[in-house]
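Trainee: In mature numbering (1 follows the signal peptide of the UniProt record, and there is no 0), the protein residues as written are -25 to -1, 1 to 267.
Cβ atoms here follow ideal geometry from the backbone N, Cα and C, with glycine treated the same way.
A quick note: this is a predicted structure, and the numbers were derived from the prediction, not measured.
Can you read through this structure? Questions will come right after.
What follows is the structure in structure tokens.
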């Protein structure tokens, strides 16, 4: 064996040994539950997204402190117009300059009735169900997913209508957020189970499903488990439970039902403020049949 051949073999072996270490050292996606349906996502590139950011909700004992500490956000994604999802959206937007990602109807309602800064919602960050948009220089791709719920928006102070009067907020929905060189995350918003959830994975394999389980206003644990089965999600995290006594669905019941309905799915029950770190997974892929 020549010296050159010997050193090539040694180098290759050393590289293979280092691959697990390099993978662990690579930037990862962080998903933090902030109570109810509120999440903070930090991408491998350091971009910050908030989904349905009701930060100072009753489930979050450090909500006021967490809210006060927010000084950076790139995007705020809203699934629908109810107050427990809009939450602190306007305050965060005014502090950080974050752009609003929402359906056209909801975005316009937020500007007209909700006090959202007009310059921070526009054509680039809006879409509608079945569509998808690339954002943050291509670091994330967002697909708009329908939901079975409502979306009436209560007018904020300063709107040209009575305060708390119910205004049209468009149709409710959810999102599949695909992170470049990272995971695909499906946030259901508030919804019941519906058969077309089986088509959500057309936007790519779902690595993480953030799924409402509270019952009364959304599907309960058993139907939520069936939703997980339809999407084929690898990991499921329950949300929208326990904030109020009427939200009776429990994460324990959801875990048991998911074990039966979708045994290949891992259920992760987060505590408020806990962060789930996701390894590199699927590179972003367009929906099947989409143009290049």
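Keeping to the same chain, check which residues put their C-beta closer than 7 Å to that of residue -5; ignore five residues upstream and five downstream.
Mentor: Its pLDDT being 43, under 50, residue -5 is placed unreliably in this model, and the coordinates cannot settle the point.
Trainee: List the whole-angstrom C-beta distance separating residue 166 from residue 193, where the pair is believed to meet the contact cut-off of C-beta under 8 Å.
Mentor: About 6 Å separates the CB atoms of residue 166 and residue 193; that is less than 8 Å, so the two are in contact.
Trainee: Taking Cβ positions, are residue 12 and residue 164 nearer each other than 9 Å?
Mentor: yes
Trainee: Please confirm whether any heavy atom of the ligand HEM lies closer than 8 Å to the CB of residue 179.
Mentor: In the structure shown, the ligand HEM is absent, as is every other ligand, since no ligand is present at all.
Trainee: In angstroms, rounded to a whole number, what distance separates the CA positions of residue 56 and residue 174?
Mentor: Roughly 25 Å between the two C-alpha positions.
Trainee: Decide if the segment 38 to 54 is in contact with the segment 229 to 240; the criterion is three or more beta carbon pairs, one per stretch, under 8 Å apart.
Mentor: no
Trainee: Check whether the segment 180 to 199 and the segment 139 to 148 touch, using three or more Cβ-Cβ pairs below 8 Å as the test.
Mentor: In short, these stretches do not touch, since the Cβ pair count stays below three.
Trainee: Locate the alpha helix (DSSP H) running through residue 67, then write down its first and last residues.
Mentor: Where residue 67 is concerned, the enclosing alpha helix (DSSP H) stretches over 64 to 71.
Trainee: Here's the rule I'm using: 16 or more other beta-carbon atoms within 10 Å means buried, otherwise exposed. How should residue 140 be labelled?
Mentor: Exposed.
Trainee: Just confirm the distance between the C-beta atoms of residue 225 and residue 200, as a whole number of angstroms; I'd bet it's less than 8 Å.
Mentor: Their Cβ separation, rounded to whole angstroms, is 12 Å, which puts residue 225 and residue 200 out of contact at 8 Å.
Trainee: Do residue 63 and residue 8 have their C-beta atoms closer together than 9 Å?
Mentor: no
Trainee: Which ranges would you report for the alpha helix (DSSP H) in the segment 191 to 220 if only whole runs of at least 4 residues count?
Mentor: 196 to 206
Trainee: Jot down the residue ranges of each uninterrupted alpha helix (DSSP H) in the segment 53 to 130, minimum 4 residues, whole runs only, in chain order.
Mentor: 58 to 61, 64 to 71, 79 to 88
Trainee: Looking at the unbroken beta strand (DSSP E) that takes in residue 250, where does it start and where does it end?
Mentor: 250 to 253
Trainee: Look at residue 119 and residue 106 and say whether their C-beta atoms are less than 9 Å apart.
Mentor: yes
Trainee: If you run the structure through DSSP and keep just helix, strand and coil, what is residue 159?
Mentor: strand
Trainee: Mapping the DSSP letters down to three states, classify residue -4 as helix, strand or coil.
Mentor: Low confidence applies here, because residue -4 scores a pLDDT of 40, under 50, leaving its location unreliable and the question unanswered by this model.
Trainee: Residues in the same chain with beta-carbon distance under 6 Å from residue 266, minus the five sequence neighbours each way, listed in chain order, please.
Mentor: Legend: pLDDT at residue 266 = 32, less than 50; position of this residue unreliable, value from coordinates given subsequently. There are no such residues.
Trainee: Are residue 162 and residue 49 touching if we call contact CB-CB under 9 Å?
Mentor: no
Trainee: Taking the alpha-carbon positions, what's the residue 213 to residue 245 distance?
Mentor: 8 Å
Trainee: First and last residue of the alpha helix (DSSP H) that includes residue 240?
Mentor: Segment: none, residue 240 is in no alpha helix (DSSP H) and carries neither H nor E.
Trainee: Where does residue 42 fall in DSSP's three states?
Mentor: helix
Trainee: Which residue wins for smallest C-alpha separation from residue 160, given the options 171, 136, 138, 185?
Mentor: 185
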